[in-house]
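One structure is given below, encoded as structure tokens.
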Amino acid sequence: MDEKQIPQVSVGIMNEPQVAFVLNGAYRVNGAECTGDQLAQCVEGMVEWNGNRYGELMFEPADPDTASFTLKDVTIGVSFHWKRQEDQTFKGALRFIVEDGKLTPINVLSVEDYLLSVISSEMSANASLELLKAHAVISRSWLLAQIHGIKPDSADRNPDAPGEMMDTPEELVKWWDRDDHVNFDVCADDHCQRYQGITRATTPKVEQAINATWGEVLMHHGELCDARFSKSCGGVMEEFENCWEPHHHDYLEARRDSENEEDFPDLTREDNAAEWILSSPSAFCNTTDPEILSQVLNDYDQETKDFYRWKVEYTQDELTQLIHERTGIDYGRIRDLQPVARGTSGRLYRLRIVGEKRERIIGKELTIRYALSPSCLYSSAFVVEKHDVGEDGYPAKFVLRGAGWGHGAGLCQIGAAVMGAKGYDYKQILLHYFVGASIEKRY
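Residue numbers (our numbering): 4 to 446.
Take a look at the structure:
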């Protein structure tokens, strides 16, 4: 295989005032030979990191097979409940730029080398071969779709979904997507895909999955699929437009995560959503099998025990303070959280916050999840219970009972793991989650 045929990807790893790093082997710095102990001499005088005058730094490995670099104190799980820092080691080239007065180290490498890490970072490197193959295809598809800037036509807009982002006194509609990055293709955290270099030990099985699907991508009507995935859909898959831009993708449609794909209620209706979320219907992702879960959940993910159905409780004072801190808006004492609009999985993409001082509708799903958790709520598929409502109309306690983990669109990782354990091959898994798509070889 001609290596020149394999696309390259640039990955933004972190953005900090200072970055400590170590070169493990010989590198060329802006074309000059340099090893770790010569680094200061190589760099001296080249750059002033003051945000006003600087030259780009590019570290290229003299021998790509043996050289690597280590970045210190990389934050992973940004905004999530398991957030932490760790040292991470990477293959490929290292480029530094300045963004917003801070340093951003960028790893430049081939798409297939990138996937070796993504598959091992997003799930266990010891997962079943068919699950690893499926994830290789969706991760490759999603990445190439971002690099090539695939966008549906305006005719594909969902007229019922909120339009452009808005921020008014009455309503906040916001979402996060790859357009947030302008100086590199993708970031290294859950905002895009988890990428942790060679820090996450890969296995021969991961390499086998990459090689078996080399260059394979999901396509739909001649276009690359924007192949999304999350931990657990909660029983029914969500549609794209309820999480991100108001565009509809035919391959990201509502389906039950089971052999009976069409057997699910209309979860955009409040009564159906409440009944669904408060029960525990059968689904591929409805599992507590520790062996299957260990294929998807890395050590820090396994700290989350309940994900198919979960519960979060706040006192009235706790919720009032939390929403004030997370949104920056003083609603006063919170009187109510009112569902306004739900997607096909029962996930809220518009929620009204009612306080004694003001009320406002917020969305989409991730905005809601950020507002109602010190880190990030598992999902926005929840119903609100108000307990001990006083004569003044204010509850003493709010209980959120929810379903699923993540946005719920596209491949459900835990459901896919169960499918692999049941004997489905990777193509069957992919076509269950991406309706009407085809698997084609890109290079």
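Using N, Cα and C, we set each Cβ at its ideal position, and we do this for glycine too.
Residues of the same chain with a CB within less than 7 Å of the CB of Val-209, apart from the 5 flanking positions on each side, are Leu-119, Ile-122, Ser-123, Ala-128, Leu-135 in chain order. As for any alpha helix (DSSP H) of minimum length 4 sitting wholly inside the region 258-303, the runs are 273-280, 293-299, ordered along the chain.
Spanning the alpha carbons of Arg-372 and Gly-34 requires a straight line of approximately 46 Å. Take the alpha-carbon of Asp-188 and the one of Glu-359: they are about 44 Å apart. If you check the CB distance, Phe-401 and Tyr-317 come in under 8 Å. Rounded to the nearest whole angstrom, the CA to CA distance from Glu-36 to Lys-425 is 53 Å. Nearest in C-alpha terms to Ile-141, of all of Gln-21, Thr-216, Ile-201, is Thr-216. A residue is called buried once 16 or more other Cβ atoms fall within 10 Å of its Cβ, and Asn-245 is buried on that count. Within 10 angstroms of the beta-carbon of Lys-234 lie 16 or more other beta-carbons, which makes it buried. When DSSP assignments are scanned along the region 158-244, the uninterrupted stretches of beta strand (DSSP E) that are 3 or more residues long and fall wholly within it turn out to be 174-176, 219-223.
Of the candidates Cys-195, Gln-21, Gly-104, Cys-195 places its Cα closest to the Cα of Gly-409. Judged by DSSP secondary structure, Asp-76 falls within the beta strand (DSSP E) whose first and last residues are 71-79. The alpha-carbon separation between Val-77 and Gly-396 amounts to approximately 46 Å. DSSP, reduced to helix, strand and coil, places Glu-63 within a strand of the structure shown. The C-beta distance from Leu-112 to Val-22 rounds to 18 Å, too long to meet the 8 Å contact threshold. For a cut-off of 8 Å, the C-beta gap from Thr-92 to Ile-201 is around 5 Å, short enough to register as a contact.
Straight-line measurement puts the Cα of Ile-337 at about 7 Å from the Cα of Leu-322.
Between Val-386 and Leu-281, the CB-CB gap stays under 8 Å. For Thr-323, the secondary structure class from DSSP, reduced to helix, strand or coil, is helix. The C-alpha of Gln-199 lies about 27 Å from the C-alpha of Gly-237. For Trp-145, the enclosing alpha helix (DSSP H) stretches over residues 132-150. In the DSSP annotation of this structure, the continuous segment of the alpha helix (DSSP H) that includes His-435 starts and ends at 429-436. Close CB contacts of Pro-268 within its chain, under the 8 Å cut and outside five residues either way in sequence, are with Asn-275, Glu-278, Trp-279 (chain order).
Nearest to Thr-271 by alpha-carbon distance, out of Cys-288, Asn-263, Glu-241, is Glu-241.
Thr-347 sits buried, since 16 or more C-beta atoms from the chains shown fall within 10 Å of its C-beta. When the five nearest sequence neighbours on each side are left out, the beta carbons in the same chain lying within less than 8 Å of the beta carbon of Phe-310 are those of Lys-234, Ser-235, Tyr-381, Gly-407, Trp-408, Ile-417, in order along the chain. Taking a contact as a CB-CB distance under 8 Å, the pair His-184 and Gly-15 counts as one, their CB atoms being some 6 Å apart. Assignment of Leu-118 by DSSP, reduced to helix, strand and coil, places it in the helix class.
Taking Thr-73 as reference, the option from Leu-325, Tyr-30, Leu-434 with the minimal CA-CA separation is Tyr-30. About 5 Å separates the CB atoms of Val-421 and Thr-290; that is less than 8 Å, so the two are in contact. For Thr-69, same chain residues with a beta-carbon under 8 Å away, outside a window of 5 residues either side, are Gly-28 in chain order.
Distance from the Cα of Ala-212 is smallest, within the candidate group Gln-341, Asp-428, Gln-319, for Asp-428. Between Lys-75 and Phe-24 the beta-carbon gap is near 7 Å, inside 8 Å, which marks them as a contact. Taking 8 Å as the cut-off, the Cβ atoms of Leu-354 and Val-343 count as close.
Assigned with DSSP and collapsed to three states, Arg-336 falls in coil, not helix or strand. Residue Phe-232 holds the alpha-carbon nearest to the alpha-carbon of Ala-139 among Leu-255, Gln-88, Met-61, Phe-232.
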